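*Asks:* Take a look at this one; I'll ask things after.
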Amino acid sequence: MLATARFASSSCSGVLTAEMARAVLQKVVNESGLVSFRMNIKSVQCWELNQHCHHIMAESHDWCNRVTGETLASHPMPHVFGDLLEQVPGGSYNPADRFHEKARAISLAWLNQSQECKVHDGFCWIQPVDLDISGLPCTDNSRSGLKKYEEGPTGPIFAVYAKRHIANKTPLLIIENTRELRLDVITLLLGDHFFLWQLWVDAEDGGHNGVSRKRTFVICSHQDRTSCMYDPFELYAAIAARVKKHIATKPSDYVTATDDEILREASHVALVRGVQFRPHELDLTYLLNKRELTCIDDFKSKYAELYPGTSAEDDPDLVCFLGDSTGNRYTWSGTSGKISTFRLNAKTGKYFLPHCKRWLTAGDRLGAMGFPVRQNVAEAMGVPQIPILDAARAGDLAGNATHFNNAAIAQLVAMSCFRLLY
């Protein structure tokens, strides 16, 4: 499908993270000299409930066009729809019902063929696509949530998503989520129409050994519209093995912020916390609160206990998360050698570096997520540099987005292994 797919959509992909990763993939494939075709997939629509994301999505789309050599004339801004649930009429299901009852009610409901578009300020047609990649809500599945799974408030979103793609006979779906996603629920919703292939991924599979981002990607291939040409598990394993053989980052590789960037974040935190800003001070411990300082002391003590004769301040790869109190749980890189998974509270929780006496900046965190936010990384990838977002939004993105490299590899595997029949 690398050669034949033309139109793609997404839901909650982290302000077009999946689209940005696919743009890089498309550039690499087309410039490789290894294929006789040109990959040419256009993003036509996406769903994003958070209105604060919409202007960033426009910037992301512009970046994609710069990567692939497109213009707004040849590849316009995709439709941006809001609530995915609005694809069925209000009242189509009873929120108090069990999930199976809600899913059945949604499957029998009317499916709207248009929805209010934030780009065109009116109702726009929902277009059939060849590929959809969606990071459907994980809050009810994750360990940090209440583990309500499909019975939680996000359950109906999965049912509406399935209804849309069953009705449109979308050839290929890629669903990204935390590893706690219950495959039996996806099978219940899609199993009569799609074959399911569940991949277990981590950031190290794309060379980013210095950060943890354990996720699952479920590839759903339409039973009538696609044919499997190669085993997705074998191809993913082969790619991951090849990458890991040559590339393995460590946490300190992401500590790349300039002094100006560090001080900009320090100024913002000082304003929020009501602390006097020190414009020439790169030791940011003065901005930490009492609980955070206690956490650092606990981390240092634990480090000395695990590694006698050494000091936490001397380890450039030690990153400690201050968003949680330590207690009996230490969220750090001290034992794993990896920056712990960026969570939703990464927006305010600090990933502190005792060696540098500062926390990871927004740019540092996005770099760890594979985004080419540094000029040298962008040049190595052969793409434009992504402007660093403000610290608050970067925290949202780092906590919600799939890893850039994982998104690219998952799409490469899915589209390489399946052939479009019609």
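Counting from 1, position 33 in the sequence shown corresponds to residue 35 in the numbering used here; the numbering is continuous, with no gaps. Backbone N, C-alpha and C define an ideal beta-carbon position, used for all residues, glycine too. The model shown is predicted, which means the values in this text are computed figures rather than measured ones.
Closest to C66 by CA distance: which of A416, L414 and I388 is it?
*Replies:* Looking up residue 66 in the sequence shown gives position 64. Out of A416, L414 and I388, I388 has the C-alpha closest to the C-alpha of C66.
*Asks:* Give me whichever residues DSSP pairs with S15 in a beta bridge.
*Replies:* In the sequence shown, the residue the question calls residue 15 occupies position 13. Beta-bridge pairing links S15 to no other residue.
*Asks:* Out of Y332, T172 and V271, which one is the CA nearest neighbour of D226?
*Replies:* Residue numbering aside, residue 226 sits at position 224 when the sequence shown is read from its first letter. Measuring from the Cα of D226, the nearest candidate turns out to be T172.
*Asks:* Restricting to Cα atoms, I'd like to know which of T337, L51 and T70 is closest to C119.
*Replies:* Within the sequence shown, the letter at position 117 stands for residue 119. Comparing Cα positions, the closest option is L51.
*Asks:* Just to check my reading of the structure: A393 and H270 have Cβ atoms closer than 8 Å, yes? What is that Cβ distance to the nearest angstrom?
*Replies:* The residue you call residue 393 lines up with position 391 of the sequence shown. The residue you call residue 270 lines up with position 268 of the sequence shown. The pair is a contact, with the Cβ atoms about 6 Å apart (cut-off 8 Å).
*Asks:* Go ahead and pull the three-state DSSP assignment for Q426.
*Replies:* Not covered by the structure: residue 426. The range shown for the chain is 3 to 424.
*Asks:* Could you tell me which of S338, F344, A314 and E294 sits nearest to T328, measuring between CA atoms?
*Replies:* The count along the sequence shown starts at 1 and reaches residue 328 at position 326. T328 has its Cα closest to that of E294, out of S338, F344, A314 and E294.
*Asks:* Quick check on DSSP: helix, strand or coil for D319?
*Replies:* As a position in the sequence shown, residue 319 is number 317, starting the count at 1. Coil, per DSSP.
*Asks:* Give the straight-line distance between the Cα atoms of K445 and T343, rounded to the nearest whole angstrom.
*Replies:* Look at the range of the chain in this structure, 3 to 424, and you will see that residue 445 is not part of it.
*Asks:* Taking 8 Å as the cut-off, does the region 102-113 touch the region 73-82 (at least 3 CB pairs, one atom from each stretch)?
*Replies:* No: fewer than three Cβ pairs fall under 8 Å.
*Asks:* DSSP puts D262 in a beta bridge; with which residues?
*Replies:* Counting from 1 along the sequence shown, the entry for residue 262 is found at position 260. BP columns for D262 are empty, so no partner.
*Asks:* Using the C-alpha atoms, what's the distance from T404 back to C126?
*Replies:* Your numbering for residue 126 matches position 124 in the sequence shown. Your numbering for residue 404 matches position 402 in the sequence shown. Rounded to whole angstroms, C126 to T404 spans 28 Å at the Cα level.
*Asks:* Distance check for S338 and S313, CA to CA, integer angstroms please.
*Replies:* In the sequence shown, the residue the question calls residue 313 occupies position 311. In the sequence shown, the residue the question calls residue 338 occupies position 336. Straight-line Cα distance between these residues: approximately 17 Å.
*Asks:* At which residues does the beta strand (DSSP E) containing H167 begin and terminate?
*Replies:* Stepping through the sequence shown from its first residue, residue 167 is reached at position 165. Per DSSP, H167 belongs to no beta strand (DSSP E); it is in the alpha helix (DSSP H), G157 to N170.
*Asks:* Could you pull out every residue in the same chain whose Cβ sits closer than 6 Å to the Cβ of C322, ignoring the five residues on either side in sequence?
*Replies:* Against the sequence shown, residue 322 aligns to sequence position 320. Correct list, in chain order: F301, W334 and F354.
*Asks:* Assign I58 to one of two classes, buried (16 or more other C-beta atoms within 10 Å of its C-beta) or exposed (fewer than that).
*Replies:* Position 56 of the sequence shown, counted from the start, is the residue given in the question as residue 58. When all chains shown are included, I58 counts as buried.
*Asks:* In this structure, what does DSSP give as the bridge partners for Q377?
*Replies:* Here residue 377 corresponds to residue number 375 of the sequence shown, with the count starting at 1. DSSP lists no partner for Q377.
*Asks:* Leaving out five residues on either side along the sequence, give the residues of the same chain with a beta carbon under 7 Å from the beta carbon of K150.
*Replies:* Sequence index remark: in the sequence shown, residue 150 carries index 148 (1-based). Excluding positions up to five away in sequence, the list reads D142.
*Asks:* So the alpha helix (DSSP H) C419 belongs to, where does it begin and stop?
*Replies:* Working through the sequence shown from its first residue, we reach residue 419 at position 417. From DSSP, the alpha helix (DSSP H) with C419 extends over F406 to C419.
*Asks:* DSSP three-state call for G124: helix, strand or coil?
*Replies:* Residue numbering aside, residue 124 sits at position 122 when the sequence shown is read from its first letter. Three-state result, G124: strand.
*Asks:* Exposed or buried, what is W202 when buried is set at 16 or more other beta-carbons lying within 10 Å of its beta-carbon?
*Replies:* Reading the sequence shown from its first residue, position 200 is the one you call residue 202. Per the 10 Å Cβ criterion, exposed.
*Asks:* Taking the beta carbon of E307 as the centre, do at least 16 other beta carbons fall within 10 Å, making it buried, or is it exposed?
*Replies:* Position 305 of the sequence shown, counting from 1, holds the residue named residue 307. E307 is exposed by the Cβ-count criterion.
*Asks:* Quick check: what's the CA-CA separation for A242 versus D233?
*Replies:* Taking the first residue of the sequence shown as position 1, residue 242 is located at position 240. Taking the first residue of the sequence shown as position 1, residue 233 is located at position 231. Each residue's Cα considered, the two are about 14 Å apart.
*Asks:* Starting from V245, trace the alpha helix (DSSP H) in both directions and tell me its first and last residue.
*Replies:* Translated into positions along the sequence shown, residue 245 becomes position 243. Element bounds for V245: P234 to H248.
*Asks:* Starting from the C-beta of K352, find all residues in its chain whose C-beta is less than 6 Å away, skip the five residues before and the five after it, and write them out in chain order.
*Replies:* On the sequence shown, residue 352 is found 350 positions in, with the first residue counted as 1. Cβ within range, chain order: L324 and W361.
*Asks:* Exposed or buried, S76, counting other C-beta atoms within 10 Å across all chains shown (16 or more means buried)?
*Replies:* For the purposes of this step, residue 76 is taken as the residue at position 74 of the sequence shown. Under this definition S76 is an exposed residue.
*Asks:* Please identify the residue among H357, R331 and L138 whose C-alpha is closest to the C-alpha of P253.
*Replies:* Position 251 of the sequence shown, counting from 1, holds the residue named residue 253. For the residues H357, R331 and L138, the minimum Cα distance to P253 belongs to H357.
*Asks:* Could you tell me the alpha carbon to alpha carbon distance between E315 and V220, rounded to whole angstroms?
*Replies:* For the purposes of this step, residue 315 is taken as the residue at position 313 of the sequence shown. For the purposes of this step, residue 220 is taken as the residue at position 218 of the sequence shown. Going by the C-alpha atoms only, they are around 41 Å apart.
*Asks:* Determine the extent of the alpha helix (DSSP H) in which T296 is found, giving its start and end residues.
*Replies:* On the sequence shown, residue 296 is found 294 positions in, with the first residue counted as 1. Looking at the DSSP string, the run of the alpha helix (DSSP H) that includes T296 is K292 to L308.
*Asks:* Can you find at least 3 beta carbon pairs, one from the region 405-419 and one from the region 25-43, that sit closer than 8 Å?
*Replies:* Yes, they touch.
*Asks:* For the region 15-96, which segments carrying the alpha helix (DSSP H) assignment without a break, of at least 4 residues, lie completely within its bounds, in sequence order?
*Replies:* Here the runs fully enclosed are 19-33 and 56-70.
*Asks:* Going straight from the alpha carbon of V274 to that of H167, what length do you get?
*Replies:* Counting from one through the sequence shown, the residue named residue 274 turns up at place 272. Counting from one through the sequence shown, the residue named residue 167 turns up at place 165. If I take the Cα positions, the gap works out to 44 Å.
*Asks:* Measuring CB to CB, does F101 end up less than 8 Å from E153?
*Replies:* Looking up residue 101 in the sequence shown gives position 99. Looking up residue 153 in the sequence shown gives position 151. Yes, they are a contact pair.
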